[in-house]
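Working notes for the structure below.
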Amino acid sequence: MADLDTMHSIIEKEKGRLDIVFANAGIGTFVPLDSITEKQFDELFNINVKGVLFTVQKVLPLISEGGSIILNGSVSSIKAYPTTSLLSASKAAVRSFARCWTVDLKERKIRVDILNPGAIPTTAWDKAGFSDEMKKTMNADFLSAIPMNRFGMSDEIAKVAVFLASSDITGIELFVDGGMAQI
């Protein structure tokens, strides 16, 4: 929480306000149900759920009327994949935040949307601890579920985030997943 206090102080001092917040931090843990530990649960929910909640809460006083909050969700919030129950549950919570906060913040004219990426190659994926063979198998499984037959790219997610910050959009849940969520 000290980091959030520092962030708030810097933004307030240097900018005075925020127009757009993209709550993008998150981790994925891929563990079978019978192997999930309390430590894994706490770590994932602390970052993916608690982190989003308290980040937005901390900067809320700085968000100007007409500002935009964009939450980073996941296609796994509505789709089931093997070993993703922790990730899926945490992103379903973020999905609920988006819907509730859209209503909670309407009087302040603060817009809330959620961007749900599909499979995006990132350094976090590279550092997930999977063997090369496991990554190869998982990549093939993901690709077989993507109608566009390719992974999304980080810059594509960034472009969608900018779009969601547009002034006449709120309450949108947008899947940027090559069609994974739709089939």
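Heads up: the sequence shown begins at 7 in our numbering, then just goes up one per residue. Glycine is no exception: its CB is placed at the ideal position from the N, C-alpha and C atoms.
Segment limits, alpha helix (DSSP H) that includes residue i
{"i": "Ala104", "result": "91-110"}
{"i": "Ile163", "result": "160-170"}
{"i": "Glu179", "result": "Unbroken run through Glu179 is the beta strand (DSSP E), 179-182; no alpha helix (DSSP H)."}
{"i": "Asp147", "result": "138-150"}
{"i": "Ile16", "result": "8-20"}
{"i": "Asp119", "result": "Not the alpha helix (DSSP H): Asp119 falls in the beta strand (DSSP E), residues 117-123."}
{"i": "Thr176", "result": "Note, Thr176: premise wrong, no alpha helix (DSSP H); not H, not E."}
{"i": "Thr129", "result": "129-132"}
C-beta atoms of residue i and residue j nearer than 9 angstroms
{"i": "Gly158", "j": "Ala104", "result": "no"}
{"i": "Leu68", "j": "Ile17", "result": "yes"}
{"i": "Asn54", "j": "Lys97", "result": "yes"}
{"i": "Gly184", "j": "Ile152", "result": "yes"}
{"i": "Ser70", "j": "Asp25", "result": "yes"}
{"i": "Leu10", "j": "Thr89", "result": "no"}
{"i": "Asn122", "j": "Val182", "result": "yes"}
{"i": "Thr128", "j": "Ser160", "result": "yes"}
{"i": "Trp131", "j": "Lys142", "result": "no"}
{"i": "Lys85", "j": "Met13", "result": "no"}
{"i": "Val166", "j": "Leu180", "result": "yes"}
Candidates the options: closest to residue i by CA position
{"i": "Val81", "options": "Trp107, Leu93, Thr89", "result": "Leu93"}
{"i": "Leu39", "options": "Tyr87, Asp11, Ser15", "result": "Tyr87"}
{"i": "Ala29", "options": "Lys45, Ser137, Lys56, Ser91", "result": "Lys56"}
{"i": "Ile33", "options": "Gly79, Met7, Lys19", "result": "Gly79"}
{"i": "Ile213", "options": "Lys85, Ile116, Ser91, Met144", "result": "Coverage of the chain is limited to positions 7 through 189, which leaves residue 213 absent and any answer about it impossible."}
{"i": "Gln46", "options": "Ala95, Val166, Lys21, Gln188", "result": "Ala95"}
{"i": "Leu50", "options": "Lys64, Ala31, Met140", "result": "Ala31"}
{"i": "Ser102", "options": "Thr143, Trp131, Asp138, Leu59", "result": "Leu59"}
{"i": "Met186", "options": "Phe148, Ser172, Lys165, Val168", "result": "Phe148"}
{"i": "Val188", "options": "Val27, Gly124, Ser91", "result": "According to the sequence shown, residue 188 is Gln rather than Val. Checked all of Val27, Gly124, Ser91; the closest Cα to Gln188 is Gly124."}
{"i": "Phe192", "options": "Thr43, Glu20, Thr35, Ala8", "result": "The shown model of the chain, from 7 to 189, leaves out residue 192, and the question about it has no answer."}
Beta strand (DSSP E) segment containing residue i, residue limits
{"i": "Ile26", "result": "24-29"}
9 angstroms Cβ cutoff, residue i in contact with chain B
{"i": "Ala98", "result": "The structure shown contains no chain B; it is built from a single protein chain."}
Segment contact flag, the stretch 59-75 with the stretch 103-118, C-beta cutoff 8 angstroms, min 3 pairs:
Yes, they touch.
Where are the beta strand (DSSP E) runs, 3 residues long or more, that stay fully inside the stretch 36-79, in chain order?
Correct list: 69-78.
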